[in-house]
Amino acid sequence: MFSFAYYALAAMLVIVAGLCAWTLAHQRRRRRHSALQDLMDQADRLETDLKDCRDRLQRAHAVMQFSPDQPAVGEVEAQQAVDSGLRALLQQRLWIRDRAPSATQRELDEAVNALVRARHQLEPRLQALDDAQTALDTAVREHFQPDR
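Quick note: the sequence shown uses our numbering, first residue 616, plus one each step.
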């Protein structure tokens, strides 16, 4: 009777330890999958933001352009900045393709955080572009439609 209790207790401990190990492994897989999904989503969002920024800059410069043969002041620098951001994003996407499957959880989390930071840094610039575009549209409208 005494040994049966030990065997039953040992079996229960093995079962509990197995369930704990399975739960922990399942949580890690789920966290990793979530981090990979976040990484791809953040990369897509950053790409959309950068392309939106490029489009807004082109619209603003098109309105300000006096000579179609020459770029407006700051247009080249702004385009280079956006292109640089897109190149950096391409490098990030290559890292995702090549390294993310074997990356540690910490590396995945750092990559996600880097993309989130980049988007947060871009947000005020996009807002400033919106404000400048609104002011520019108002100025152009007032210039071509003076008070009646």
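Cβ coordinates follow ideal geometry from the N, Cα and C atoms, glycine included. For clarity, every value in this text was computed on a predicted model and none was experimentally measured.
Once you ignore the five residues that flank L672 on each side, which residues in its own chain have a CB closer than 6 angstroms to its CB?
As a working note, residue 672 is residue 57 in the sequence shown. Same-chain partners within the cutoff: A693.
Pick helix, strand or coil for A703, following the three-state DSSP scheme.
Reading the sequence shown from its first residue, position 88 is the one you call residue 703. Helix, per DSSP.
CB-CB under 8 angstroms to L741, same chain, minus the five flanking residues each way: which ones, in chain order?
Here residue 741 refers to the residue found at position 126 when the sequence shown is read from its first residue. The residues are D664, D667, C668, R671.
Since R660 and Q720 are thought to touch, with beta carbons under 8 angstroms apart, how far apart are those beta carbons, to the nearest angstrom?
Sequence index remark: in the sequence shown, residue 660 carries index 45 (1-based). Sequence index remark: in the sequence shown, residue 720 carries index 105 (1-based). Not quite, the Cβ-Cβ distance comes to about 21 angstroms (not below 8 angstroms), so this is no contact.
What does a CB cutoff of less than 8 angstroms around V697 pick up in its chain, not counting 5 residues either side in sequence?
As a position in the sequence shown, residue 697 is number 82, starting the count at 1. Hits under 8 angstroms: L665, C668, R669, L672.
Would you say L730 and Q642 are within 8 angstroms of each other, going by their C-beta atoms?
Start at 1 with the first residue of the sequence shown, and residue 730 comes out as number 115. Start at 1 with the first residue of the sequence shown, and residue 642 comes out as number 27. Result no, Cβ atoms of L730 and Q642 do not sit closer than 8 angstroms.
In whole angstroms, what is the alpha-carbon distance linking L744 and Q652?
Locating residue 744 in the sequence shown gives position 129, counting from the first residue. Locating residue 652 in the sequence shown gives position 37, counting from the first residue. For L744 and Q652, the distance between alpha carbons rounds to 30 angstroms.
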